[in-house]
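Everything below concerns the one structure shown next.
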Amino acid sequence: MTFEEKLTNQEYDRIWQEYCGFLDLDMASYMKIQRRLLEEQMGLWCASPLGKKILKDKRPENIEEFRAMVPLTAYEDYADVLLLKKEDMLPDKPIIWIQTTWEGGKHPIKVAPYTSGMLKTYKNNILTCLMMATSKGRGSFDIGIGDTFLYGLAPLPYITGLIPLGLSDELHIEFLPPVDEAVNMTFSERNKKGFKMGLGKGIDFFFGMGSVAYFVSMSIASLSEGGKKGGSFLKKLFTMPPSMTLRYLKAKKQCEKEGRGLMPKDLFRLKGFLCAGTDNRCYKDDLEELWGIRPVEVFAGTEPSFIGTETWNRNGLYFFPDACFYEFIPETEMYKNLDDPSYVPRTICMDEVAAGEVYEIVLTVLKGGAFARYRVGDVYRCLGLTSKEDETRIPRFEYIDRVPDIIDIAGFTRISENSIKNVISLSGIDVTDWAALKEFTEDRGRPYLHMYVELAPGCVVNRAVSRELLKEHLTIYFKYVDQDYHDLKRILGMDPLEITVLRCGTFASYREKTGKTLRHINPSIHDIQEMIKMQAAFDGHRRY
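Numbers 2 to 545, taken from my numbering, label the letters of the sequence shown in order.
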């Protein structure tokens, strides 16, 4: 029976139990599902040529042996099999391959196979996310046959391109614009066509990365501006239904009275709003103000599929028990491994996490997936083991960021030490030392890449001039090396690079006086401030 058939039969309790029943589990029941599904996956994975290659022909007999024998893995462990799509080496036959960025400048893409079992789980879990986005409390949701969905998604082969494909088997949803048109349009063309159709039909659902959703939302305000854009919008009034025309005219009058610009909430009444990706916390308040509804945050990734969602209270992510088997590297262990790559960090399971603690997540993809004990590169904080508000008895989490040796800006970049070294080398600039941090603007809390750079003696005539030249050169090469970095400017209009030029000898002086060597990527902001303070005490620091 499809979701739509159950809706038609008004089997609302059955739908809730089937898609959201995991929220009623206690920890023991949750782990029973996790262990059962992992045991099934072990049989497939350990018997496959891929599993044997990673296990070096060892054969674990139980979950404890599996966690002891299978090393923590990264994409490099799978690349020779997956990039060549060697299906005969996989645990199960893939139905479709999904793609994303690997590491700009070094590895352009990575791909992940999705089996029929994974696709079924994906489909069920995206329906759960839609239910949570419309829910006002336990047991309530508001999904209708023929609801409209603003297409703010990346098309196939990216993971969000699976959403229309998955939903089409279960429920009739009208995408704006239609998927077969959207896949052949640019980002800008999809937005314009989607909003134009939304003005006629209304918009029930909107799903996008937080940064992209914000950019798209802000573009609506320009529709009511004067001049050419405003004239174009007024022409659209003649194609709108009378109800939307009346809503626009009332909204315009109210906005003028309040002395503000037009917002999406003035024209549309969303049932559900979902956002995914990194840095969502930087945009959620603004998105709520723009749309009149707070987004429900969900989490998905190319390798693990859809793995988590917030509930109606929007107070933390719950992980679906049937997508992956979850392990967690405690924060102290993660940093030990960063400082000493030969150190093997210990992991704990879902029933061992502690409230308030920070963890790097480790995933074994279930239902025939390729990845085992895989470090996907994301960090979470456990918010609590239970929730009185949600009436849940399983842990909930908040997404913090990528692991510390990767800088991700607004969900678009994966900047590593290697990519920055590559950019500096290509630029030909004589850089003695550098450190790069992800920081946030003071006014809007927006993310940006801040590089602290020490140029070689003789390169610095004037720090202000050097800064501008360095920024210009490095920006060019970041765009050349990393297409996703280029898209930040092209799609979102963001210029994420800020540079502070430090006096010659600053890094060496800091090492000599403190005995510390700063990590190149995301060193402690306290250590950076201490280094700058030492320089300021020496010759008066100027920050540009």
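Where a beta carbon is used, it is the ideal one built from N, C-alpha and C, also for glycine.
Checklist entry - How about the stretch 132-143 and the stretch 266-278: do they share at least three Cβ pairs that are nearer than 8 Å? => result Judged by pairs of C-beta atoms under 8 Å, the stretch 132-143 touches the stretch 266-278, as three or more such pairs exist.
Item to check | Cβ-based neighbour list, residue 47, same chain, cut-off 8 Å, excluding 5 preceding and 5 following | outcome: Take residue 47, set aside five residues on each side of it, and the residues of its chain with a beta-carbon closer than 8 Å to its own are 53, 56, 60, 61 and 67, in chain order.
Checklist entry - Would you say the stretch 180-191 touches the stretch 254-268, given that touching needs at least three Cβ pairs under 8 Å? => result The stretch 180-191 vs the stretch 254-268: no contact.
Checklist entry - Does DSSP put residue 299 in a helix, in a strand, or in coil? => result Reduced to three states, the DSSP call for residue 299 is strand.
Item to check | Spatially closest choice to residue 216 from 398, 153 and 7, by CA coordinates | outcome: Shortest Cα-Cα distance from residue 216 to any of 398, 153 and 7 involves 153.
Checklist entry - If residue 314 sits next to residue 211, beta carbons under 8 Å apart, how far is it from one beta carbon to the other, in whole angstroms? => result Their Cβ separation, rounded to whole angstroms, is 19 Å, which puts residue 314 and residue 211 out of contact at 8 Å.
Next on the checklist: So, under 8 Å CB-CB, residue 37 and residue 64 are touching, yes? Tell me the CB distance rounded to an integer number of Å.
Outcome noted: Contact doesn't hold; Cβ gap of about 10 Å is too wide.
Next on the checklist: Quick check on the DSSP output: the alpha helix (DSSP H) that includes residue 384 runs from which residue to which?
Outcome noted: It is not in any alpha helix (DSSP H) - residue 384 instead sits in the beta strand (DSSP E) that spans 375-385.
Item to check | Same chain, Cβ closer than 6 Å to residue 438, neighbours up to 5 away in sequence not counted | outcome: Result list for residue 438: 451 and 523, in chain order.
Next on the checklist: Cutting at 7 Å between CB atoms, please list the residues of its own chain near residue 88, excluding the five before and the five after it.
Outcome noted: Here the set comprises 94 and 95.
Checklist entry - Can you tell which of 129, 101 and 518 has the C-alpha that lies nearest to the C-alpha of residue 320? => result It is 129.
Item to check | Integer-rounded CB distance, given that residue 471 should sit under 8 Å from residue 482 | outcome: So it is not a contact: roughly 16 Å between Cβ atoms.
Next on the checklist: Out of 332, 304 and 511, which one is the CA nearest neighbour of residue 382?
Outcome noted: When only C-alpha atoms are compared, the closest one is 332.
Next on the checklist: Can you list, in chain order, the residues of its chain with a C-beta nearer than 8 Å to that of residue 248? Leave out the 5 residues immediately preceding and following it.
Outcome noted: Result list for residue 248: 267 and 268, in chain order.
Checklist entry - From residue 536 to residue 367, what does the alpha carbon distance come to, in whole angstroms? => result One C-alpha to the other measures close to 52 Å.
Item to check | Cβ-based burial, residue 376 [other Cβ within 10 Å; buried from 16] | outcome: It counts as buried.
Item to check | Alpha-carbon spacing of residue 198 relative to residue 180, whole angstroms | outcome: Going from the Cα of residue 198 to the Cα of residue 180 covers about 13 Å.
Item to check | Nearest-angstrom beta carbon gap, residue 340 and residue 1 [assumed within contact, 8 Å] | outcome: Only positions 2 to 545 of the chain appear in the structure, and residue 1 is not among them; the question remains open.
Item to check | Continuous beta strand (DSSP E) stretch holding residue 402: start and end | outcome: In the DSSP annotation of this structure, the continuous segment of the beta strand (DSSP E) that includes residue 402 starts and ends at 397-403.
Next on the checklist: Tell me which residue opens and which closes the alpha helix (DSSP H) that residue 73 is part of.
Outcome noted: Per DSSP, residue 73 belongs to no alpha helix (DSSP H) and is neither H nor E.
Checklist entry - What whole-angstrom Cβ distance do residue 307 and residue 123 have, given they're in contact under 8 Å? => result In this structure residue 307 is in contact with residue 123, their Cβ atoms being roughly 6 Å apart against a cut-off of 8 Å.
Checklist entry - According to DSSP, which residues form a beta bridge with residue 116? => result Paired residues: 95.
Checklist entry - Where in the stretch 468-542 do unbroken runs of the alpha helix (DSSP H), each at least 4 residues long, occur, reported from the N-terminal end onward? => result Runs of the alpha helix (DSSP H) inside the stretch 468-542: 484-493, 507-515 and 526-540.
Checklist entry - Does DSSP put residue 313 in a helix, in a strand, or in coil? => result Note: residue 313 maps to coil in three-state DSSP.
Next on the checklist: Can you list, in chain order, the residues of its chain with a C-beta nearer than 8 Å to that of residue 9? Leave out the 5 residues immediately preceding and following it.
Outcome noted: Result list for residue 9: 146, in chain order.
Checklist entry - So what's residue 439 in DSSP terms, helix, strand or just coil? => result In this structure, residue 439 counts as strand in the three-state DSSP scheme.
Item to check | Start and end residues, alpha helix (DSSP H) containing residue 44 | outcome: Looking at the DSSP string, the run of the alpha helix (DSSP H) that includes residue 44 is 28-48.
Checklist entry - Taking Cβ to Cβ, would you say residue 90 is nearer than 8 Å to residue 117? => result Contact: no.
Checklist entry - Of the choices 533, 496, 497 and 501, whose alpha-carbon is the least far from that of residue 509? => result Selected option, being the one with the closest Cα: 533.
Next on the checklist: For residue 277, list the residues DSSP reports as bridge partners.
Outcome noted: Bridge partners of residue 277: 210.
Checklist entry - Where does residue 287 fall in DSSP's three states? => result Helix, per DSSP.
Next on the checklist: For residue 388, list the residues DSSP reports as bridge partners.
Outcome noted: According to DSSP, residue 388 bridges with 393.
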